[in-house]
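Student:
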DNA sequence: CCAACATCTGAACATACGCTCATGTATTGG
DNA sequence: CCAATACATGAGCGTATGTTCAGATGTTGG
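Protein chains in written order, with the working numbering: chain W, 1 to 125; chain V, 1 to 125.
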């Protein structure tokens, strides 16, 4: 299973023993992600891995909106939208501003807008 | 529930009727994502929303590796790694090259490397 | 205060996802 | 040919996730 142990007694020597091919060709030598780093990064991408949340981001990329209008724009319940905005808030992708009964949401900063636009263009092929 | 219908007969007029606040302040007017567009974009982010796949990308960001070495580097079974490489392949995030019994994987293009590095730096705060 | 509104929250259910396990295919050396 | 190696694949299981539903909190106008 592991294919890590050295060959038994005959046939097919273990040629896969950490000797990768050309040895070096890419950019700088960046250390691989640790387990916790990969988990943090995974959680970040996971927030953007949902159609509803992405549509919310796409709306907020144009202007600021209250929960009610966001729900209406996507033809979804305000409860569902509120749940998703909570996730976007926890990931610091959006900020909000209370005004009376309403809560207006907007993208947290320009990094979010840029990431969204970059990936959108990347998929427009 | 929908809060879309006009007020009944008295009290609390429907102030949330698509009149968002300042009206305009951000960048250009980009149309919101359609349902299918958001699904495609969501699937793309979903591939990057897993710790194992991110660690694979982080390894392939430095060099090209065969499945066996990738599994060994992450202390996981070759089966698990093969399953994840399949997902990365389907998303066109990695390419591969067969050499005898081994299959060497690498990042598909520089866009992948740039996206990975950008987000990594963004989380290093 | 009270009713309507705007939003938030917790529980529950259906679905999606990642790993393990067993098996299948392909390549190599003897 | 045959066995070991390298990788791929399908089924199955436990867990995570998004939505609905019911209800709670907070705000406003009469």
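Backbone N, C-alpha and C fix where the C-beta goes; we use that ideal spot for every residue, glycine too.
1) May I ask you to report which of helix, strand or coil DSSP gives residue 68(W)?
2) With H, G and I counted as helix, E and B as strand and the rest as coil, what does DSSP make of residue 22(W)?
3) Step through the CB atoms of chain V and report whether any lies within less than 8 angstroms of the CB of residue 108(W).
4) For residue 117(W) and residue 35(W), what's the separation of their Cα atoms in angstroms?
5) Near residue 10(V), which residues of its chain fall below 7 angstroms by C-beta distance, leaving aside the five closest residues on each side in sequence?
6) Per DSSP, what kind of secondary structure is residue 124(V) in: helix, strand or coil?
7) For residue 13(W), does the three-state DSSP call read helix, strand or coil?
8) Hey, quick one: how far does the beta strand (DSSP E) through residue 97(W) stretch, first residue to last?
9) Let me see if you follow: with CB-CB separation under 8 angstroms, is residue 94(W) close to chain V or not?
10) Name the chain W residues that come within less than 9 angstroms of residue 120(V), Cβ to Cβ?
11) So does the region 94-109 of chain W actually touch the region 46-55 of chain V, counting three or more Cβ pairs closer than 8 angstroms?
12) Quick one: what does DSSP say residue 56(V) is sitting in, helix, strand or coil?
13) Ends of the alpha helix (DSSP H) at residue 33(W)?
Tutor: The answer reads as follows:
1) It is helical.
2) Reliability fails at residue 22(W), whose pLDDT of 48 lies under 50, so the model's placement of it is uncertain and no value is given.
3) Judged by the 8 angstroms Cβ criterion, residue 108(W) is not in contact with chain V.
4) Taken atom to atom, the span from the alpha-carbon of residue 117(W) to that of residue 35(W) is near 29 angstroms.
5) Reliability fails at residue 10(V), whose pLDDT of 46 lies under 50, so the model's placement of it is uncertain and no value is given.
6) Residue 124(V): coil per DSSP, three-state reduction.
7) Here residue 13(W) sits in coil by DSSP.
8) Segment 94-99, the beta strand (DSSP E) holding residue 97(W).
9) Under the 8 angstroms criterion on CB atoms, residue 94(W) is classed as non-interfacial with respect to chain V.
10) Here the neighbours are 30, 33, 37, 41.
11) Contact between the region 94-109 of chain W and the region 46-55 of chain V is absent: fewer than 3 CB-CB pairs across the two stretches fall below 8 angstroms.
12) Here residue 56(V) sits in helix by DSSP.
13) Note, residue 33(W): premise wrong, no alpha helix (DSSP H); not H, not E.
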